[in-house]
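Reading through the structure tokens given below for one structure.
In structure tokens, the structure reads:
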């Protein structure tokens, strides 16, 4: 007699993905000279572990960062921004 099998016949169970924590921070960058720095600054931050997105607004002199606070803190991001490139 044939037994009925579900779609999950190989015994594999779905593995839940790790929870992602997202936070958004806005950093005032008015003290930074923005002549040719924006692209380098954005690239530097994007390479940092735990950062999802970076948006720099040169007109308002604000940097918006989406990040995982369990990996990197807003304070550490601020220090990265103010450190010389």
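In my numbering, the protein residues as written are 5 to 89.
Glycine is no exception: its CB is placed at the ideal position from the N, C-alpha and C atoms.
Here the structure is a predicted model, which means the values were calculated and not measured.
- Annotation: residue 59 to residue 68 spans about 5 Å, alpha carbon to alpha carbon.
- Residue 80 and residue 27 have their C-alpha atoms some 14 Å from each other.
- Annotation: residue 82 to residue 72 spans about 14 Å, alpha carbon to alpha carbon.
- Relative to residue 36, the option among 62, 75, 74 whose CA is nearest is 62.
- The beta carbon of residue 66 sits closer than 6 Å to the beta carbons of 30 from its chain, once the five residues preceding and following it are set aside; these are given in chain order.
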